[in-house]
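Number of protein chains: 2
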Amino acid sequence: MAKEASYKDKKVITIGIVRELTGLSERQIRYYEERKLIFPERTSGGSRKYSFADIELLMEIAEKIEDGVQTYEIRQEMKKKNADATKLRNKMIQGQLNAQFGTRKR
Amino acid sequence: MAKEASYKDKKVITIGIVRELTGLSERQIRYYEERKLIFPERTSGGSRKYSFADIELLMEIAEKIEDGVQTYEIRQEMKKKNADATKLRNKMIQGQLNAQFGTRKR
DNA sequence: CAACGATGTTAGAAAACCTTACATATAATT
DNA sequence: AATTATATGTAAGGTTTTCTAACATCGTTG
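See below:
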């Protein structure tokens, strides 16, 4: 069930590096977390750890912000996208089950 | 010529995370650098930055060390492997050129 | 104008990292 | 056997990086 965390998804990058890679300020990066757009992990000492995927997401966020989109709206878009992906995934799983065991009506 | 640095090769991971991921001590990680087995980059402030490839290499190194191989020998193996790869690469480039422009004797 | 959104800046503290040096226990060399 | 080299731990002191919290600014929206 749990997917192998690939390089892209492993949270191993500190905020300073993220700053360099994205060109965003640390203030901005932390603020987008506060607005629930990104979810870094933490070291035992409390330092934030990001993945490459987070970095890509941050760059998308930055673009939207530049286009005048507010963090709240971005959050809504993300929620929707997640919900859609979940729905699709469930539908596919259901399809798998039906293929294996046949459809049962009602 | 320069290859696009993929996630695997980008030097973005600090030594503390490398310690966690490899199980090696920072002392060991720095020592293997001193013995020219790994080559982290540095932040402007001087902190080491490693790639996922470095981490995999470190784990291979750790295995060999456990098997009693010395860093010096590991270094020699690496040199040889690099030399071989370079030779092969050059041979392939030569092949490409011959295919395009024909072989010229002497 | 008041409230909110987004970002900068500052301050002080804690965590992470750096180098250098000394200690130790094996292992290799002479 | 004595010496040298390898591999690692640990300590000290210093610098860099990160953290949170607070206050400031400036633009937008109600």
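So the protein lines, in turn, are chains G and P.
Quick note on UniProt numbering: the first sequence kicks off at 1 and runs consecutively.
Quick note on UniProt numbering: the second sequence kicks off at 1 and runs consecutively.
Note that CB positions come from ideal geometry on N, CA and C, so glycine has one too.
Any contact between the stretch 48 to 55 of chain G and the stretch 72 to 82 of chain G? By contact I mean 3 or more CB pairs, one from each, below 8 Å. The way I'd put it, the stretch 48 to 55 of chain G doesn't touch the stretch 72 to 82 of chain G; fewer than three beta-carbon pairs between them come closer than 8 Å.
According to DSSP, residues forming a beta bridge with tyrosine 50 of chain P: Taking the first residue of the second sequence as position 1, residue 50 of chain P is located at position 50. The partner list for tyrosine 50 of chain P (beta bridge, DSSP) reads P:Ile13.
Taking all protein chains shown into account, decide if alanine 2 of chain P is buried (16 or more other Cβ within 10 angstroms of its Cβ) or exposed. Numbered from 1 along the second sequence, position 2 holds the residue referred to as residue 2 of chain P. Looking at its Cβ environment, which holds fewer than 16 other Cβ atoms inside 10 Å, alanine 2 of chain P is exposed.
Give me the residue from P:Val12, P:Leu88, P:Gly102 and P:Gly23 with the minimum Cα distance to glutamate 63 of chain P. Taking the first residue of the second sequence as position 1, residue 63 of chain P is located at position 63. Comparing Cα positions, the closest option is P:Gly23.
Taking the Cβ atom as the reference point for each residue, do threonine 14 of chain G and threonine 14 of chain P lie within a distance shorter than 8 Å? The residue given as residue 14 of chain G occupies position 14 in the first sequence. The residue given as residue 14 of chain P occupies position 14 in the second sequence. Going by C-beta atoms, threonine 14 of chain G is nearer than 8 Å to threonine 14 of chain P.
Locate the alpha helix (DSSP H) running through isoleucine 36 of chain P, then write down its first and last residues. As a position in the second sequence, residue 36 of chain P is number 36, starting the count at 1. This sequence places lysine at residue 36 of chain P; isoleucine is not what is there. Element bounds for lysine 36 of chain P: n/a, residue is neither H nor E.
In this structure, how does DSSP classify glycine 95 of chain G when only helix, strand and coil are distinguished? The count along the first sequence starts at 1 and reaches residue 95 of chain G at position 95. Residue state, collapsed to three classes: helix.
Going by other Cβ atoms of all chains shown within 10 Å of its Cβ, with 16 needed for buried, is leucine 58 of chain G buried or exposed? Looking up residue 58 of chain G in the first sequence gives position 58. Buried: at least 16 other Cβ atoms inside 10 Å.
Helix, strand or coil for glutamate 4 of chain P? Go by DSSP, reduced to three states. Along the second sequence, read from residue 1 onward, the residue named residue 4 of chain P stands at position 4. Correct three-state label for glutamate 4 of chain P: coil.
Measure from the C-beta of glycine 46 of chain P to each C-beta in chain G and report whether the shortest distance is under 8 Å. Stepping through the second sequence from its first residue, residue 46 of chain P is reached at position 46. Glycine 46 of chain P has a beta carbon lying at 8 Å or more from every beta carbon in chain G.
Excluding sequence positions up to five away, which residues of its chain have a Cβ less than 8 Å from the Cβ of arginine 19 of chain P? On the second sequence, residue 19 of chain P is found 19 positions in, with the first residue counted as 1. The residues are Ser25, Glu26 and Ile29.
If you check the beta carbons only, do lysine 40 of chain P and lysine 11 of chain P fall under 8 Å apart? In the second sequence, residue 40 of chain P corresponds to position 40, counting from 1. In the second sequence, residue 11 of chain P corresponds to position 11, counting from 1. According to the sequence provided, residue 40 of chain P is proline. The question's lysine does not apply to it. Between proline 40 of chain P and lysine 11 of chain P, the gap from beta carbon to beta carbon is short of 8 Å.
Sequence-distant residues of its chain with Cβ nearer than 8 Å to lysine 8 of chain P (five each side left out): Numbered from its first residue, the second sequence carries residue 8 of chain P at position 8. Within the same chain, lysine 8 of chain P has close Cβ partners Ser51, Phe52 and Ala53.
Is there at least one Cβ from chain P nearer than 8 Å to phenylalanine 52 of chain G's Cβ? Residue 52 of chain G sits at position 52 when you count from the first residue of the first sequence. Yes, its Cβ sits closer than 8 Å to a Cβ of chain P.
Starting from the C-beta of arginine 42 of chain P, find all residues in its chain whose C-beta is less than 8 Å away, skip the five residues before and the five after it, and write them out in chain order. Taking the second sequence and counting its residues from 1, the one referred to as residue 42 of chain P is at position 42. In its chain, beyond the 5 residues on either side, Arg48 and Lys49 have a beta carbon closer than 8 Å to the beta carbon of arginine 42 of chain P.
Cutoff 8 Å: glycine 16 of chain G Cβ touching any chain P Cβ: Position 16 of the first sequence, counted from the first residue, corresponds to residue 16 of chain G. Closer than 8 Å: yes.
So, using beta-carbon positions, are isoleucine 61 of chain P and leucine 37 of chain P closer together than 8 Å? Residue mapping note: residue 61 of chain P aligns to position 61 of the second sequence, counting from 1. Residue mapping note: residue 37 of chain P aligns to position 37 of the second sequence, counting from 1. Yes, Cβ-Cβ distance for isoleucine 61 of chain P and leucine 37 of chain P is below 8 Å.
Exposed or buried, what is isoleucine 93 of chain G when buried is set at 16 or more other beta-carbons lying within 10 Å of its beta-carbon? Walking along the first sequence from the start, residue 93 of chain G turns up at place 93. Isoleucine 93 of chain G is exposed by the Cβ-count criterion.
Give the secondary structure of leucine 24 of chain P by DSSP, where H, G and I count as helix, E and B as strand, and everything else as coil. Numbered from 1 along the second sequence, position 24 holds the residue referred to as residue 24 of chain P. Three-state DSSP puts leucine 24 of chain P in coil, outside helix and strand.
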